[in-house]
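A short worksheet on the structure shown next.
Numbering (our numbering), first residue to last: 399 to 509.
Quick look at the structure:
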């Protein structure tokens, strides 16, 4: 049996292998309620730990979503207006669908 493809990790240290679309929504709801400050979904097959997407509320009702595609020079961020749009973005990335919003709308982040 093959190992997991994705792993979700929360601020409190909880983890889930291969989280479903529904679980991603529940984790976003946890952040919205203040039960967690953030969570990350990482691609397990990247041994460097540098391929992931993470989310946090921005303090103004929106959501900051960041993704990294292999290293600090491939780190991008976008702001989403609400939980539903943040969920759409997280789900598209996690399941290999076209990025939402498209990659041209993401801003490079220097770390």
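The beta-carbon is built from N, C-alpha and C at its ideal position, and this holds for glycine as well.
Keep in mind the model is a prediction, meaning the values are calculated, not measured.
Using C-beta distances below 7 Å, list every residue in its chain close to residue i, excluding the 5 sequence neighbours before and after it, in chain order.
i           : result
residue 442 : 401, 402, 403, 404, 405
residue 459 : none
residue 478 : 460, 461, 463, 484, 487
Using only the alpha-carbon positions, how far apart do residue i and residue j sit?
i           : j           : result
residue 411 : residue 436 : 11 Å
residue 444 : residue 461 : 26 Å
residue 482 : residue 446 : 30 Å
residue 426 : residue 488 : 10 Å
residue 493 : residue 418 : 9 Å
residue 472 : residue 415 : 24 Å
residue 423 : residue 486 : 9 Å
residue 496 : residue 433 : 30 Å
residue 469 : residue 503 : 19 Å
residue 457 : residue 421 : 23 Å
Below 8 Å on the Cβ atoms is my contact criterion, and I expect residue i with residue j to pass it. Report the Cβ-Cβ distance as a whole number of Å.
i           : j           : result
residue 506 : residue 498 : At roughly 18 Å, the Cβ-Cβ gap does not stay under 8 Å, so residue 506 and residue 498 are not in contact.
residue 430 : residue 452 : Their Cβ separation, rounded to whole angstroms, is 15 Å, which puts residue 430 and residue 452 out of contact at 8 Å.
Taking 7 Å as the cut-off, decide whether the C-beta atoms of residue i and residue j are in contact.
i           : j           : result
residue 465 : residue 448 : no
residue 484 : residue 463 : yes
Can you list, in chain order, the residues of its chain with a C-beta nearer than 6 Å to that of residue i? Leave out the 5 residues immediately preceding and following it.
i           : result
residue 407 : 413, 438
residue 450 : 438, 440, 466
residue 428 : 434
Going by DSSP, what residues sit across from residue i in a beta bridge?
i           : result
residue 412 : In DSSP, residue 412 forms no bridge with anything.
residue 507 : BP columns for residue 507 are empty, so no partner.
For residue i, which residues from the same chain have a beta carbon less than 8 Å from its beta carbon, with the 5 sequence-adjacent residues on both sides left out?
i           : result
residue 501 : 474
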